[in-house]
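Undergrad:
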Amino acid sequence: MNSHTKYLTFNTHKKREYLNITAEVEMAVREAKIREGMVLVSAMHITAGVFVNDNESGFLKDLDDFLERLAPEDAFYRHHQTGESNGDAHLKNIVVHHQVILPVTKGVLDLGPWQQVFYAEFDGQRAKRLIIKVMGE
Amino acid sequence: MNSHTKYLTFNTHKKREYLNITAEVEMAVREAKIREGMVLVSAMHITAGVFVNDNESGFLKDLDDFLERLAPEDAFYRHHQTGESNGDAHLKNIVVHHQVILPVTKGVLDLGPWQQVFYAEFDGQRAKRLIIKVMGE
Amino acid sequence: MNSHTKYLTFNTHKKREYLNITAEVEMAVREAKIREGMVLVSAMHITAGVFVNDNESGFLKDLDDFLERLAPEDAFYRHHQTGESNGDAHLKNIVVHHQVILPVTKGVLDLGPWQQVFYAEFDGQRAKRLIIKVMGE
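Protein chains in written order, with numbering that gives the first Met the number 0: chain E, 0 to 136; chain B, 0 to 136; chain F, 0 to 136.
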C-alpha cells in the first residue's frame, strides 16, 4: 500500500469563497503513483467545507444564497457568547461537510464528467489548511 | 491490498427517485474477496446522491418533502440562466451528499440492523452512473 | 495493510445528545499500530450521526436548535404511520450524516487544531452502536 499526503493553505480575499481545487487533487494523485485507491480531501478547520459539484458560477451563487438562508451571518448564535462571530460558519460547515473521499482508477481521479472538487471557505481572510491523503496501490 | 471497481447505471422513470442498492453493494463486496476494508459508493453526477437510512416508504416520502422544502423545484436559481432547469437538484445533492463509505468486516458489509444504502436521483429520466470501489485485504 | 475494528455503545440520558468521542478514536488509532492511513467512524443506526466540529457548548446548542428548526420533533411525518415516533431523527441524520473518515499521519489522528469528533444521538435513551475502523500501514 502506498500513501501520499499534502497540505494546501488558503487565504481568501472574501469571508466566503468557493475554490475549485480539482487540479490540485489530480496532481496529488499523480504524485502518489498508485493505480487503484482513494483520496481523502478534508478541511482542517471547523468553518470550512469540501464538496463535489458543478464549476458554474450561477450554481456557486445559488449555493451561497442557500447556506446564508439556512444559517444567516447576522442571526443569533450562542457560540458568540465566547467572543467569536462565526456561528453561521460552523453551521454552514455542518451542511456542506468538511470532507470528500474520491475514487482513483487506473491512476487517475475517477469522477463523472461534471464533477469538480471545491474548497468552501466560510470564515476566510486568514490562513486555513486542507489535507489531501491518497491511499492505494 | 485488493481493490474491485464496479459501475452501475440508473435510468429512473420519475425525475426524483430513491433506490435501495444495498444488494448491489453487498455483491460488489463478495466479488472483491476481501475480509477487512471499506467500500466507497459514490454518484458520478452532480444532481444525485447516496445515503444510508431506513427502507421505509413513509420515511422516503418525508425525505423527498424535506428536500423539496429546502430547495424547491420551482424556485429562482441563477444556475437556470445557463439554460439548465435543475438548480434544485444541485442543492439537494449538497444536502444529501454524493457518497458514503461503508465498513467491510469478516468479508461482509458491516451495517447496523436497519441501515440500507440508497441511490437518490434528483434529475432522472436519463442514464446516470454510480461507482462502487472496494478496498481491503 | 493493517486494519483494526472497534465498536462503541452509547446509551444517552436525553433523547438528543452530542458526545465528544475524539479520545476514543485516538485510542483506536494507537491500537491499530499504523503510520499512514484512514479511520472510518460510522454510526450503525439511522437516527444518529457523526461529525467533526468545535467542542464548544454554545455551538453544540446552536447545532441542536438548527436541526430542530429544519426537522422539528413535533412536525407531521409519514414515517409515524408505521407506529414510530422518530421521523425527525431520520432527517437530522440526513443533514448531519452518519459517518466521517479521518486521516492518520505519522501514527496519529491528523486533525486541525479545533477539530473534534462527535457522536450525535437523535433518538437515544437506549443502546446504540458505532463502528471505528482503522486501515493503513
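Where is the CB? At the ideal position from N, CA and C, for every residue including glycine.
Counting only C-beta atoms, is residue 46 (chain E) closer than 8 Å to chain B at any point?
TA: Within the first sequence, residue 46 (chain E) is the residue found at index 47, counting from 1. By this cut-off, residue 46 (chain E) is not an interface position.
Undergrad: Going along the chain, which residues of the region 17-47 of chain F sit with their C-beta nearer than 7 Å to a C-beta in chain B?
TA: Answer in chain order: 39, 41, 43, 44, 45.
Undergrad: Classify residue 132 (chain F) as helix, strand or coil using the three-state DSSP reduction.
TA: Position 133 of the third sequence, counted from the start, is the residue given in the question as residue 132 (chain F). Three-state DSSP puts residue 132 (chain F) in a strand.
Undergrad: Does DSSP put residue 60 (chain F) in a helix, a strand or coil?
TA: Counting from 1 along the third sequence, the entry for residue 60 (chain F) is found at position 61. Note: residue 60 (chain F) maps to helix in three-state DSSP.
Undergrad: Measure the C-alpha to C-alpha separation of residue 111 (chain B) and residue 63 (chain E) and round it to an integer number of angstroms.
TA: Here residue 111 (chain B) is taken as the residue at index 112 of the second sequence, counted from 1. Here residue 63 (chain E) is taken as the residue at index 64 of the first sequence, counted from 1. Each residue's Cα considered, the two are about 35 Å apart.
Undergrad: Counting only Cβ pairs nearer than 8 Å, list the residues of chain B close to residue 2 (chain F).
TA: Within the third sequence, residue 2 (chain F) is the residue found at index 3, counting from 1. 35, 36, 135, 136, listed in chain order.
Undergrad: Do residue 73 (chain E) and residue 130 (chain B) have their beta-carbon atoms positioned less than 8 Å apart in this structure?
TA: Taking the first residue of the second sequence as position 1, residue 130 (chain B) is located at position 131. Taking the first residue of the first sequence as position 1, residue 73 (chain E) is located at position 74. Cβ atoms of residue 130 (chain B) and residue 73 (chain E): not closer than 8 Å.
Undergrad: Run down chain F in chain order and give the residues with a C-beta less than 9 Å from the C-beta of residue 132 (chain E).
TA: Against the first sequence, residue 132 (chain E) aligns to sequence position 133. By Cβ distance, chain F contributes 35, 36, 37, 102, 103, 104, 109.
Undergrad: Under 7 Å Cβ to Cβ from residue 35 (chain B), same chain only, skipping five residues before and after it: list those, please.
TA: Position 36 of the second sequence, counted from the first residue, corresponds to residue 35 (chain B). Once the five neighbours on either side are set aside, the close Cβ partners of residue 35 (chain B) are 103, 104, 135, 136.
Undergrad: Let me check understanding here. Comparing Cα to Cα, which of B:38, B:21, B:32, B:92 lies closest to residue 53 (chain E)?
TA: Residue mapping note: residue 53 (chain E) aligns to position 54 of the first sequence, counting from 1. Per the Cα distances, B:92.
Undergrad: Does DSSP put residue 25 (chain F) in a helix, a strand or coil?
TA: Start at 1 with the first residue of the third sequence, and residue 25 (chain F) comes out as number 26. In the structure shown, residue 25 (chain F) sits in a helix (DSSP, three-state: H, G or I).
Undergrad: State buried or exposed for residue 125 (chain F), treating a residue as buried only when at least 16 other CB atoms are found within 10 Å of its CB.
TA: Locating residue 125 (chain F) in the third sequence gives position 126, where the first residue counts as 1. Looking at its Cβ environment, which holds fewer than 16 other Cβ atoms inside 10 Å, residue 125 (chain F) is exposed.
Undergrad: Go ahead and pull the three-state DSSP assignment for residue 31 (chain B).
TA: Along the second sequence, read from residue 1 onward, the residue named residue 31 (chain B) stands at position 32. Reduced to three states, the DSSP call for residue 31 (chain B) is helix.
Undergrad: Looking only at C-alpha atoms, which of F:65, F:118, F:43, F:81 sits nearest to residue 22 (chain F)?
TA: To locate residue 22 (chain F), count along the third sequence from 1; it is residue 23. Per the Cα distances, F:118.
Undergrad: Does residue 68 (chain F) pass the burial test, meaning 16 or more other C-beta atoms within 10 Å, or should it be called exposed?
TA: Numbered from its first residue, the third sequence carries residue 68 (chain F) at position 69. Residue 68 (chain F) is exposed by the Cβ-count criterion.
Undergrad: May I have a chain-ordered list of the alpha helix (DSSP H) segments no shorter than 4 residues that lie completely inside the region 36-91 of chain E?
TA: Listed in chain order, the complete alpha helix (DSSP H) runs (minimum 4 residues) inside the region 36-91 of chain E are 56-69.
Undergrad: Establish whether the CB of residue 62 (chain B) and some CB of chain F are separated by less than 8 Å.
TA: Here residue 62 (chain B) is taken as the residue at index 63 of the second sequence, counted from 1. Chain F contact via Cβ: present.
Undergrad: Looking at residue 98 (chain B) and residue 27 (chain B), is the spacing between their C-beta atoms short of 8 Å?
TA: Looking up residue 27 (chain B) in the second sequence gives position 28. Looking up residue 98 (chain B) in the second sequence gives position 99. Result no, Cβ atoms of residue 27 (chain B) and residue 98 (chain B) do not sit closer than 8 Å.
Undergrad: Whole angstroms are fine: how far does the CA of residue 89 (chain B) sit from the CA of residue 38 (chain B)?
TA: Translated into positions along the second sequence, residue 38 (chain B) becomes position 39. Translated into positions along the second sequence, residue 89 (chain B) becomes position 90. In a straight line, the C-alpha of residue 38 (chain B) is about 24 Å away from that of residue 89 (chain B).
Undergrad: Using only alpha-carbon positions, find the residue among F:4, F:85, F:128, F:58 that is nearest to residue 115 (chain F).
TA: For this step, residue 115 (chain F) is matched to residue 116 along the third sequence. With distances taken between Cα atoms, residue 115 (chain F) lies closest to F:58.
Undergrad: CB residue 13 (chain B) to CB residue 86 (chain B), shorter than 8 Å?
TA: Residue mapping note: residue 13 (chain B) aligns to position 14 of the second sequence, counting from 1. Residue mapping note: residue 86 (chain B) aligns to position 87 of the second sequence, counting from 1. Going by C-beta atoms, residue 13 (chain B) is not nearer than 8 Å to residue 86 (chain B).
Undergrad: Return the residue from the list E:96, E:33, E:3, E:113 that minimises the CA-CA distance to residue 120 (chain E).
TA: Here residue 120 (chain E) corresponds to residue number 121 of the first sequence, with the count starting at 1. When only C-alpha atoms are compared, the closest one is E:96.
Undergrad: So, residue 132 (chain E) versus residue 8 (chain E), is the Cβ gap smaller than 8 Å?
TA: Sequence index remark: in the first sequence, residue 132 (chain E) carries index 133 (1-based). Sequence index remark: in the first sequence, residue 8 (chain E) carries index 9 (1-based). For residue 132 (chain E) and residue 8 (chain E), no; Cβs fall outside 8 Å.
Undergrad: Taking only heavy atoms of the ligand FAD into account, decide whether any of them is closer than 7 Å to the Cβ of residue 104 (chain F).
TA: Among the ligands in the structure shown, none appear at all, so the ligand FAD cannot be discussed.
Undergrad: Assuming residue 10 (chain B) contacts residue 33 (chain B) under a Cβ cut-off of 8 Å, what Cβ separation, rounded to an integer in Å, is found between them?
TA: For the purposes of this step, residue 10 (chain B) is identified with residue 11 of the second sequence, where counting begins at 1. For the purposes of this step, residue 33 (chain B) is identified with residue 34 of the second sequence, where counting begins at 1. Actually they do not touch by this definition, with Cβ atoms about 30 Å apart.
Undergrad: Looking at C-alpha atoms only, which residue of F:15, F:60, F:24 is the closest neighbour of residue 100 (chain F)?
TA: For the purposes of this step, residue 100 (chain F) is taken as residue 101 along the third sequence, with counting starting at 1. For the residues F:15, F:60, F:24, the minimum Cα distance to residue 100 (chain F) belongs to F:24.
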